[in-house]
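J.: This structure is in structure tokens; I'll ask about it shortly.
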Amino acid sequence: MNAVMRLLEDLAYRGLIYQSTDQEKLDERLEREPIVLYCGFDPTADSLHIGHLLPILMLRRFQQYGHQPIALVGGGTGLIGDPSGKATERTLNTKEVVEGFSNKIRTQLSRFLDFEKAENPALLANNHDWLGELDLISFLRDVGKHFSLNYMLAKESVNSRLEKGISFTEFSYMILQSYDYLELHRRYGCELQVGGSDQWGNITAGTELIRKSDNKSDDLFGLTIPLVTKSDGTKFGKTEGGAVWLDADKTSPYVFYQFWLNTDDADVIKYLKYFTFLSKDQIEDLAQTLETAPEERKAQRTLAEEMTRLVHGEAALSRAQNITAALFQGKVSSLTASEISEGFQDVPSSTIEGIELPLVDVLIQVGAAKSKREAREFMQNGAVTVNDERVTDTSILVNTLKAIDDKFLVIRRGKKKYFLAALS
RNA sequence: GGAGGGAUACCAAAGUGGCCAACUGGGGCGGACUGUAAAUCCGCUGUCUUCGACUUCGUAGGUUCGAAUCCUACUCCCUCCA
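The opening position of the first sequence corresponds to residue 736 in the working numbering, with each subsequent residue numbered one higher.
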């Protein structure tokens, strides 16, 4: 039986605590009564990506333990730009763009939290609501007065940029984030802010501000989450196509599933702890299996399954699994046309006009090759497969190939890159 | 301000009149092996109408039958001296 762990104990087991304000006090506070906590997400793109996942899940973990999470969309701070973790000044997005991003992100966030829960429903807020109508004089008098320049300059996010340069705009960011914390504290009694490891400076600036402006003693907390790393030293969260987004239109559930499935042995247990809600016992079991039967890749399968279900839902998961099964077990040609158009929605595809085309041209059209030269090279290397049949003849025409239901060519290049060509 | 050195394909780095589409290493991509792994081995890595042709070696001109290689100007970078 899995013993019920205290929240902080659970987080510690999962390695999810990087830095924290007085942990003993926080533990006491969490055990005493539900806490209101928040985490902010700035709209810097039209979707969140898996780098945002840990903070989101952190809110969810707290909610599971009976606490009340607030997901804050940075509709205001997103107009300013956080210098934390950034080497250079960023260009500003227009208000319209940021507003568009905010809406998308708000929708995404809402999928991960329970807003209906009776006791401790999650809340969604947008700091544009208060930052947008802040007037300059009151801001400088009421908020700015509590920040000393020395304190601000000493912050890593600012200090590291003094050489390269930082605008007043980004310099002021920490004050705005601090003000968010203050505002949420006043409105909802928020006492804890969580964030990525680069947010420590901004978080402590916030607790500082609340203490000073509201004369609070010491009951304000901050918690940061470690940066996710990969054992091979490459950056976590990137695939060939770039970032792994949470938006199904930007990163298909199939690609998302594959991303997790391809996790290295050395990282998979760590990720199970970080990203899933599996119990300690379940994770230890998987660790055991990884030792004894690594080829089963049960840990990776479980991880991919849990994550895809969590982010995209049960239906998308089974679709991703179906595609995976067909693609990696060489059963593509046994699929029917309707199964293919259903299953290959997530695969780059293209419609072929005229069946007299050389296959070489088709490879370029679907994106399997950059040039004809490269296309021929792939074929000569035996890298190209059409409907499971290896094709090495570089002069072959499309109409001599057997299409599935006279309609589809499933083209594979290399071991796992698939492309779909539909004959018109 | 003065003196010298350099700019070559994704990166690093050879090449100093024809044998250069350009040595080599890294990276990347393919293949074999395998667990859709790691390690290893093999192949490819300018483009095309592929036994051939065309466009590339900072930019623009010039010399020559022929230039990445020589000359001129320009741009940028580095080092040393002031």
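Backbone N, C-alpha and C fix where the C-beta goes; we use that ideal spot for every residue, glycine too.
Within the region 1031–1096, note down every full beta strand (DSSP E) run reaching 3 residues or more, in order along the chain.
T.: Segments of the beta strand (DSSP E) lying fully in the region 1031–1096: 1084–1087.
J.: For the region 830–837 and the region 747–756, state whether three or more C-beta atom pairs, one from each stretch, are separated by less than 8 Å.
T.: Touching, no, given that fewer than three Cβ pairs across the two stretches are closer than 8 Å.
J.: Does the beta-carbon distance from Arg1111 to Val1095 come in below 8 Å?
T.: Contact flag set, yes.
J.: Give me the Cα-Cα distance between Ser1160 and Arg1054, rounded to the nearest whole angstrom.
T.: Outside the shown range of the chain, which is 736 to 1159, sits residue 1160, and nothing can be said about it.
J.: According to the Cβ coordinates, are Glu918 and Leu955 closer than 8 Å?
T.: The answer is no: Cβ separation not under 8 Å.
J.: Whose CA, out of Ser1014, Ala1022 and Asp982, lies closest to the CA of Asp999?
T.: Nearest C-alpha to Asp999: Ala1022.
J.: In this structure, how does DSSP classify Asn861 when only helix, strand and coil are distinguished?
T.: Three-state DSSP puts Asn861 in a strand.
J.: Can you tell me the Cα-Cα spacing of Arg1032 and Met909, whole angstroms?
T.: Distance between the alpha carbons of Arg1032 and Met909 is about 44 Å.
J.: Helix, strand or coil, according to DSSP, for Met736 in the structure here?
T.: Summary for Met736: the model assigns pLDDT 37, below 50, so the residue's position carries little reliability; its value from the coordinates is reported in the next sentence. In the structure shown, Met736 sits in coil (DSSP, three-state: anything other than H, G, I, E or B).
J.: Pick out whichever of Phe1063, Ile1058 and Leu1092 has its Cα sitting closest to the Cα of Glu1077.
T.: Looking at the Cα atoms, Ile1058 is the closest of the given residues.
J.: Are the beta-carbon atoms belonging to Ile1075 and Ile1131 less than 8 Å from one another?
T.: No.
J.: Jot down the residue ranges of each uninterrupted beta strand (DSSP E) in the region 935–979, minimum 3 residues, whole runs only, in chain order.
T.: You should have 956–960.
J.: For Gly835, report the span of its alpha helix (DSSP H) as first-last.
T.: Residues Lys830 to Ser845.
J.: Is it buried or exposed, Leu743, if we count other Cβ atoms within 10 angstroms and call 16 or more buried?
T.: By the 10 Å Cβ count, Leu743 comes out buried.
J.: If you pair each beta-carbon of the region 814–827 with each one of the region 883–897, do three or more pairs fall below 8 Å?
T.: The region 814–827 is in contact with the region 883–897.
J.: Do you know how far the Cα of Gly936 is from the Cα of Thr959?
T.: Going by the C-alpha atoms only, they are around 10 Å apart.
J.: Rounding to the nearest angstrom, what Cα-Cα distance links Glu854 and Val771 in this structure?
T.: Whole-angstrom Cα-Cα distance: 12 Å.
J.: Under the DSSP definition of a beta bridge, which residues are partnered with Leu1155?
T.: Leu1155 is bridged to Ser1084 and Val1145.
J.: Measuring CA to CA, which of Glu1019, Ala1156, Arg1108 and Leu1062 is closest to Lys1150?
T.: Per the Cα distances, Leu1062.
J.: Runs of 4 residues minimum, wholly inside the region 972–1023: which ones carry the alpha helix (DSSP H) assignment?
T.: The qualifying runs are 988–996 and 1000–1010.
J.: Taking DSSP as the reference, what is the three-state secondary structure of Ala853?
T.: In this structure, Ala853 counts as coil in the three-state DSSP scheme.
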